[in-house]
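When we follow our numbering, the leftmost residue of the sequence shown carries the number 11, and every step to the right adds one. All residues carry an ideal CB built from backbone N, CA and C; glycine is no exception. This structure is a prediction, so every number in the text was calculated from the model and none was measured.
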Amino acid sequence: MLKTLLRGMRPVPALLIVLGVLLTAALGVWQYQRAQMRLARQAQIEHAERAPVITLDARARALGDVENRRVRVTGRFLRNRVVYLDNRPRNELPGFYVVMALQVASERVVLINRGWLPRDLRDRTAIMPYSTPEGDVTIEGIAQPDPSRAFELGRGGSAAGMPIRQNLDVAEYARETSLPLQPFVIMQTNDTGDHLLRDWPAPASGADRNYGYMAQWFGMSLILALLGLRLAYRRGRQLALAGDNLTRT
Numbered sequence: 011m012l013k014t015l016l017r018g019m020r021p022v023p024a025l026l027i028v029l030g031v032l033l034t035a036a037l038g039v040w041q042y043q044r045a046q047m048r049l050a051r052q053a054q055i056e057h058a059e060r061a062p063v064i065t066l067d068a069r070a071r072a073l074g075d076v077e078n079r080r081v082r083v084t085g086r087f088l089r090n091r092v093v094y095l096d097n098r099p100r101n102e103l104p105g106f107y108v109v110m111a112l113q114v115a116s117e118r119v120v121l122i123n124r125g126w127l128p129r130d131l132r133d134r135t136a137i138m139p140y141s142t143p144e145g146d147v148t149i150e151g152i153a154q155p156d157p158s159r160a161f162e163l164g165r166g167g168s169a170a171g172m173p174i175r176q177n178l179d180v181a182e183y184a185r186e187t188s189l190p191l192q193p194f195v196i197m198q199t200n201d202t203g204d205h206l207l208r209d210w211p212a213p214a215s216g217a218d219r220n221y222g223y224m225a226q227w228f229g230m231s232l233i234l235a236l237l238g239l240r241l242a243y244r245r246g247r248q249l250a251l252a253g254d255n256l257t258r259t
């Protein structure tokens, strides 16, 4: 059988098939490595969320010191510094994330993703009523780099000064408002009686998608290998039969 395979191989097609097998196998390995990286990242996030709560004060904090950690902060909401992030559906209903600035001290402010608010189905610019605590309030939550990102074509939907936006960049908002913002957003988890919904979805690692791609690439690699072997074997058999016929004649 091996002799038949070798006889049926032609250099150029064989080289192309080998290259195809190696390329698709390499892509499968790459997707596997991507999945492992995502799982490791997910494990880091879960470990950070189990760590002790960090109490924030007026001191500036680096994002890396608090990212994905549970935090607690006390301050006063700045009602005039609020952004409603559009296209944040919940249970197939349209709505906003309410992101509001919290004054921690005279020299420090932090953005709070307070929760989800349903959108007026008749007028998307009409904000449904919700309450904001008066005076000092203690917020507990998870520190994140941004309030979450939605797909956006260009930047027109997130222009400065707009109360309703697609996305919000902390550094850009700090420049826009001249607020001394911490470089992160707190995803609020405790109840402050404001009628906002905070049943935040658990973050997904996305590794399943990489495993799916990995299976596809490895499957293609196997198909190419089997196809190459089948073609070579069939051609080898044909050459062998032709040789036998010549010998007989």
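For residue i and residue j, I'd like the C-alpha separation in whole angstroms.
{"i": "L95", "j": "R118", "result": "23 Å"}
{"i": "H205", "j": "L121", "result": "19 Å"}
{"i": "H57", "j": "R132", "result": "43 Å"}
{"i": "T148", "j": "V114", "result": "10 Å"}
{"i": "L232", "j": "L29", "result": "13 Å"}
{"i": "E150", "j": "V83", "result": "7 Å"}
{"i": "L239", "j": "L32", "result": "15 Å"}
{"i": "A212", "j": "N78", "result": "12 Å"}
{"i": "I35", "j": "E102", "result": "The residue you asked about is not Ile; residue 35 is Ala in the sequence shown. Roughly 39 Å between the two C-alpha positions."}
{"i": "L241", "j": "A235", "result": "10 Å"}
{"i": "D130", "j": "M138", "result": "7 Å"}
{"i": "P62", "j": "V76", "result": "11 Å"}
{"i": "G85", "j": "E182", "result": "22 Å"}
{"i": "S116", "j": "R89", "result": "16 Å"}
{"i": "M172", "j": "V195", "result": "19 Å"}
{"i": "L237", "j": "V39", "result": "21 Å"}
{"i": "L207", "j": "M47", "result": "32 Å"}
{"i": "T187", "j": "R91", "result": "8 Å"}
Could you have a look at residue i and say whether DSSP puts it in helix, strand or coil?
{"i": "L239", "result": "helix"}
{"i": "E150", "result": "strand"}
{"i": "P193", "result": "strand"}
{"i": "A181", "result": "helix"}
{"i": "T187", "result": "helix"}
{"i": "A24", "result": "helix"}
{"i": "W210", "result": "coil"}
{"i": "T34", "result": "helix"}
{"i": "G74", "result": "helix"}
{"i": "Y94", "result": "strand"}
{"i": "N200", "result": "coil"}
{"i": "N220", "result": "helix"}
{"i": "R79", "result": "coil"}
Can residue i and residue j be called in contact, C-beta distance under 7 Å?
{"i": "P155", "j": "Y107", "result": "no"}
{"i": "A5", "j": "N220", "result": "As shown, the chain starts at 11 and ends at 259. That puts residue 5 outside it, with no answer to give."}
{"i": "L112", "j": "F87", "result": "yes"}
{"i": "M110", "j": "R124", "result": "yes"}
{"i": "R185", "j": "V93", "result": "no"}
{"i": "L26", "j": "A217", "result": "no"}
{"i": "Q52", "j": "S215", "result": "yes"}
Going by alpha carbons, who is nearest to residue i out of the options?
{"i": "T65", "options": "T187, R208, V76 and V81", "result": "V81"}
{"i": "A153", "options": "R89, P193 and W126", "result": "P193"}
{"i": "M197", "options": "D130, D67 and E59", "result": "E59"}
{"i": "Q41", "options": "R100, L234 and F228", "result": "F228"}
{"i": "D67", "options": "A61, L234, D179 and L191", "result": "L191"}
{"i": "D209", "options": "G203, T199, S215 and A217", "result": "T199"}
{"i": "L189", "options": "V31, A70, G38 and Q43", "result": "A70"}
{"i": "P104", "options": "R91, T135, L26 and R79", "result": "T135"}
{"i": "N177", "options": "D201, N97, P211 and R89", "result": "N97"}
{"i": "G74", "options": "R89, G85 and I55", "result": "I55"}
{"i": "V180", "options": "A72, T202, S116 and R89", "result": "A72"}
{"i": "L37", "options": "L237, M230 and M47", "result": "M230"}
{"i": "D146", "options": "M47, L237 and T202", "result": "T202"}
How about residue i: is its C-beta nearer than 7 Å to some C-beta of chain B?
{"i": "P139", "result": "Reference to chain B is not applicable here, since this structure consists of a single protein chain."}
(message) I want to know whether the region 138-152 touches the region 223-236 - three or more CB-CB distances under 8 Å.
(response) no
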